[in-house]
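There are 2 protein chains.
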Amino acid sequence: MNATDLLTNENKYNLLAGRVPLLLNRYLGQQFKNEGINLTREQWSILAILYHSDGVSQQFLAEATSRDKPSVTRLVDNLEKLGFVERRNHETDRRLNLIFLTDSGKQMQDPILNVVSETIEKAIKGLTEEQILAIRDAFQIIYENIK
Amino acid sequence: MNATDLLTNENKYNLLAGRVPLLLNRYLGQQFKNEGINLTREQWSILAILYHSDGVSQQFLAEATSRDKPSVTRLVDNLEKLGFVERRNHETDRRLNLIFLTDSGKQMQDPILNVVSETIEKAIKGLTEEQILAIRDAFQIIYENIK
DNA sequence: CAATAATAGTTGTGTAAACAACTATTTATT
DNA sequence: AATAAATAGTTGTTTACACAACTATTATTG
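Read top to bottom, the protein sequences are chains A and B. By the numbering used here, the letter at position 67 of the first sequence is numbered 67, and the numbering carries on one by one without gaps. By the numbering used here, the letter at position 124 of the second sequence is numbered 1124, and the numbering carries on one by one without gaps.
The following block contains the structure:
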């Protein structure tokens, strides 16, 4: 028996899509709550795009987060209810909603980033940078295989 | 700038909990559907336990899949509706439901395993076994950090 | 330029997640 | 033995996912 046999395909699947992502999301949600930040991990994934590129379309957000359009519609709905973003019409193409951060949304950036940083530091404590980069490279290959 | 700076904490978070698990789940769901298997990835995660250890409690299933008890209640509800499992009372401890595969559920094992194997092989094509084991070790560390 | 195709977004439906609050049952404590 | 604590499971609520079907608008093409 060599290394190739150590993991069944079932184990590999569970490894890649299993409980670590599940636990990380749960953990981040708890950390947000502890800091009084009323936000889900998925809502944050949208805000994270806007902090880099404010005013993009929902289509852009969907592609950037690998979600489908209905998912983005509803995430933006909820972020709008929370007062963190607003929809504006594109000036010439009336099909597009452009999503902009509100002042309130912009004010969240630093507190959110602090929670995310602390959360990820606790989660990956003990990992080497090489391990993290190896995961990045591996996930990039998987992404290309199945996107 | 060294390797340590290549990934922000935000990037690390997105790496570990981001779109690869999302895409893998979507991809597996599509593959199941293509093969006429009416099953979600989450339902499969329960069946996978039962294929190793038939007749365990819901509590056991919850711990084995890192889900909370209500999630397992509803997954078992749906698997029961599909006719793949059944709840039976524990003989002496009336608090426990023991979950057993039905004949129909047992017959699904090989077809399911084939789809999972094909899916994961397509997804990880190009990865070395060392990369997969590196991910396993890294995820084990993360799991211990946040469980 | 009219018909068709493509694009952007929304709504409907079913499944699943977390958390809180709850019932029923068993175990531990005093 | 009676009370308290722990354990197993369910139900209610909110959020999010995928997929299908839909409207509105813009771009293509014949």
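Heads up, the beta-carbon is just placed ideally off N, CA and C, and yes, glycines get one too. As the structure is a computational prediction, the values presented were derived from the model and not from experiment.
Burial state of residue i (16 or more Cβ within 10 Å)
| i | result |
| --- | --- |
| Asn1097(B) | buried |
| Thr1008(B) | exposed |
| Pro1070(B) | exposed |
| Leu15(A) | buried |
| Gln107(A) | exposed |
| Lys1125(B) | exposed |
| Leu1061(B) | buried |
| Lys81(A) | exposed |
| Arg1041(B) | buried |
| Thr92(A) | exposed |
| Arg67(A) | buried |
| Lys33(A) | exposed |
| Gly83(A) | exposed |
| Leu6(A) | exposed |
Contacts that residue i makes with chain A (C-beta to C-beta distance below 9 Å)
| i | result |
| --- | --- |
| Leu1006(B) | Glu129, Ile132, Leu133 and Arg136 |
| Leu1024(B) | Tyr13, Leu16, Ala17, Ile142 and Ile146 |
Residue j beta carbon less than 8 Å from that of residue i
| i | j | result |
| --- | --- | --- |
| Leu24(A) | Ile1141(B) | no |
| Val76(A) | Gln58(A) | yes |
| Ala134(A) | Ile1146(B) | no |
| Thr65(A) | Ile37(A) | no |
| Phe100(A) | Gly55(A) | yes |
| Glu35(A) | Val116(A) | no |
| Val1085(B) | Leu1050(B) | yes |
| Tyr1143(B) | Val20(A) | yes |
| Gln43(A) | Asn89(A) | no |
Within chain B, the residues that residue i reaches when beta carbons sit closer than 8 Å
| i | result |
| --- | --- |
| Glu121(A) | Asn1009 |
Contacts that residue i makes with chain A (C-beta to C-beta distance below 8 Å)
| i | result |
| --- | --- |
| Arg1019(B) | Thr65, Ser66 and Tyr143 |
| Phe1139(B) | Leu15 and Val20 |
Cβ separation of residue i and residue j, assumed to be a contact under 8 Å, to the nearest whole Å
| i | j | result |
| --- | --- | --- |
| Lys1012(B) | Ile132(A) | 6 Å |
| Gln1031(B) | Glu1118(B) | 7 Å |
| Ala1048(B) | Glu10(A) | 6 Å |
For this session: Could you name the residues of the stretch 46-66 of chain A whose beta carbon sits closer than 8 Å to any beta carbon of chain B, in the order they occur along the chain?
Result: Ala48, Thr65 and Ser66
For this session: Give, in chain order, every residue of the stretch 102-126 of chain A whose Cβ lies closer than 8 Å to some Cβ of chain B.
Result: Leu113, Val116, Ser117, Thr119, Ile120, Glu121, Lys122, Ala123, Ile124, Lys125 and Gly126
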